[in-house]
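Engineer: A single structure is presented below for examination.
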Amino acid sequence: MREELLAIIEKNSRIDLKELAVILGVEEIDVVNELAALEAEGIICGYHTLINWEKTDIEKVSALIEVRVTPQRGQGFDSIAERIYKYPEVRSVYLMSGAYDLMVILEGKTLREVSNFVSDKLSTLDSVLSTATHFILKKYKDHGTAFATKKEDEREMITP
1 MREELLAIIE
11 KNSRIDLKEL
21 AVILGVEEID
31 VVNELAALEA
41 EGIICGYHTL
51 INWEKTDIEK
61 VSALIEVRVT
71 PQRGQGFDSI
81 AERIYKYPEV
91 RSVYLMSGAY
101 DLMVILEGKT
111 LREVSNFVSD
121 KLSTLDSVLS
131 TATHFILKKY
141 KDHGTAFATK
151 KEDEREMITP
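full-length UniProt numbering numbers the first residue of the sequence shown as 1 and each following residue consecutively.
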């Protein structure tokens, strides 16, 4: 039940508990108890709303920042990753394999705000060797949800 429950709520965290119980073939109280256990174990870490900011009047700029760092003795990458993710502008930090060590996903109000974060806060950290910033121009799909919907051809078909 646990794996199926997680798969369902990952796609729709607002699903009604009664509906979830029916889908899983269990009692509603079992679903409530399992969700509470998953939260207590830190498996479910939070519930989020996915917003298509392009459809609002609110300006947001998102960037992916590749960061090369020097790991610290005895702590590896954990310490520098923690320093970075504590900044409120930072949405996500991932340890990566390949040409760089950390991927930082950041949101700001303007390009200047993001570039100031990189130059004033991120690049000045002792362990940071280099950064490469990539601005997100358009989101097509995020967290499994497609934003760009194909427009239907509304023209009438004409046959000779």
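No residue lacks a Cβ here, since even glycine has one placed at the ideal position from N, Cα and C.
What are the boundary residues of the alpha helix (DSSP H) that includes Arg83?
Structural biologist: Stepping through the sequence shown from its first residue, residue 83 is reached at position 83. Residues Asp78 to Tyr85.
Engineer: Could you round the C-beta distance between Arg83 and Glu107 to whole angstroms and report it? I think they count as a contact, below 8 angstroms.
Structural biologist: Position 83 of the sequence shown, counted from the first residue, corresponds to residue 83. Position 107 of the sequence shown, counted from the first residue, corresponds to residue 107. Not a contact, Cβ separation roughly 18 angstroms.
Engineer: Roughly how many angstroms lie between the CA atoms of Tyr140 and Lys109, to the nearest whole one?
Structural biologist: By one-based count along the sequence shown, residue 140 stands at place 140. By one-based count along the sequence shown, residue 109 stands at place 109. Spanning the two alpha carbons is a distance of roughly 20 angstroms.
Engineer: How many angstroms separate the CA atom of Glu34 from the CA atom of Arg2?
Structural biologist: In the sequence shown, the residue the question calls residue 34 occupies position 34. In the sequence shown, the residue the question calls residue 2 occupies position 2. The alpha-carbon atoms of Glu34 and Arg2 are separated by roughly 8 angstroms.
Engineer: Thinking C-alpha only, which one of Gly144, Ile8, Val118 and Lys86 is nearest Leu24?
Structural biologist: Your numbering for residue 24 matches position 24 in the sequence shown. Selected option, being the one with the closest Cα: Ile8.
Engineer: Whole angstroms is fine: what's the gap from Pro160's alpha carbon to Thr145's?
Structural biologist: One-based indexing of the sequence shown puts residue 160 at position 160. One-based indexing of the sequence shown puts residue 145 at position 145. Roughly 41 angstroms between the two C-alpha positions.
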